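Undergrad: For the sequence shown, the numbering used here begins at 653 and goes up steadily by one.
All C-beta atoms in this analysis are idealised placements derived from N, C-alpha and C, irrespective of residue type, glycine included.
Just so you know, these numbers come straight off a predicted model, no measurement behind them.
Dumping the structure here so I can ask a few things about it.
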Amino acid sequence: MILSLRESLQDCKDTLASCQTEVEAAKSEIQKWRSVFEKESFIPPGMTPEPKFLVSYLLNLRSSEESLREQFERAKKKESAFIVTFAKREQEIAELKFGTLELNSSRRQCRHGSYCWIQQFMKSSLD
653 MILSLRESLQ
663 DCKDTLASCQ
673 TEVEAAKSEI
683 QKWRSVFEKE
693 SFIPPGMTPE
703 PKFLVSYLLN
713 LRSSEESLRE
723 QFERAKKKES
733 AFIVTFAKRE
743 QEIAELKFGT
753 LELNSSRRQC
763 RHGSYCWIQQ
773 FMKSSLD
């Protein structure tokens, strides 16, 4: 019986030592986080980082991040639409340039004194 109690006491001491080690590790971790937050600019000088304040700040950060992500997605969609519109305009410009070249070429082929279809069109539009 005494041996059993001694073993039980030793087990309790071992468990206590293990728990104390865990508590010290947790305290060290808490102190590390506290010192990190104390160095941040969002906490007024001389003020300790209170959990409610930190949670509120982190929630605001998350909300801001989500808002920025949504704005970024909208901007990407607008950019894509603009690129498509720009490509269409470039195609229209290329087609108009080609048409202008064709018209200039046709005009050069007309001989003086004879009427080609462009000259007739221009004359009829002026009348």
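Taking Cβ to Cβ, would you say Leu706 is nearer than 8 Å to Phe689?
TA: yes
Undergrad: Tell me the DSSP secondary structure of Thr700 in three-state form.
TA: coil
Undergrad: Taking the continuous alpha helix (DSSP H) assigned at Glu692, which residues delimit it?
TA: Neither: Glu692 is in no alpha helix (DSSP H) and is coded neither H nor E.
Undergrad: Using the C-alpha atoms, what's the distance from Ser716 back to Glu742?
TA: Here the alpha carbon of Glu742 sits roughly 38 Å from the alpha carbon of Ser716.
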